[in-house]
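Here is the structure we will look at.
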Amino acid sequence: MNKADFVAQISAAVEEFLRAHPRERFYALAFDCNTAYAEFLVGMNTEEAFQKTLMEYQEGSESCRTDASAVANLRYNPGDWMY
Numbered sequence: 000m001n002k003a004d005f006v007a008q009i010s011a012a013v014e015e016f017l018r019a020h021p022r023e024r025f026y027a028l029a030f031d032c033n034t035a036y037a038e039f040l041v042g043m044n045t046e047e048a049f050q051k052t053l054m055e056y057q058e059g060s061e062s063c064r065t066d067a068s069a070v071a072n073l074r075y076n077p078g079d080w081m082y
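In numbering that gives the first Met the number 0, the protein residues as written are 0 to 82.
Here it is, written out as structure tokens:
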């Protein structure tokens, strides 16, 4: 697949996803590439989902994630995102 086809495929998939979630506002989009497994994932998150994850971590066994640096890392870590 060439670069133009790759970008077109991602754009079409993101547009379809956004049409399916018209009331949600996303603060970030990330490309998560795992070359070891030839995986390419697109992640997105909302402020509401971030706040929910943060609260779950702070109330549960991940209470160590309370300092400003840990919160910033959580906000932009696609592995912790809703989508």
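Idealized CB from N, CA, C, for every residue including glycine.
Remember, it's a predicted structure, so these values are computed and weren't measured experimentally.
- In the displayed model, N72 falls within a helix according to three-state DSSP.
- Under DSSP, E38 forms a beta bridge with N33.
- Contact check for A27 against N44 passes: the beta carbons are separated by less than 9 Å.
- One alpha carbon belongs to Q57, the other to A3, and they sit about 42 Å apart.
- For M43, the secondary structure class from DSSP, reduced to helix, strand or coil, is strand.
- Per DSSP, R22 is not a residue of any alpha helix (DSSP H), being assigned neither H nor E.
- Looking only at G42, R74, D66, the smallest Cα-Cα distance to Q50 is reached by R74.
- With respect to V41, A29 sits close: the two C-beta atoms are nearer than 9 Å.
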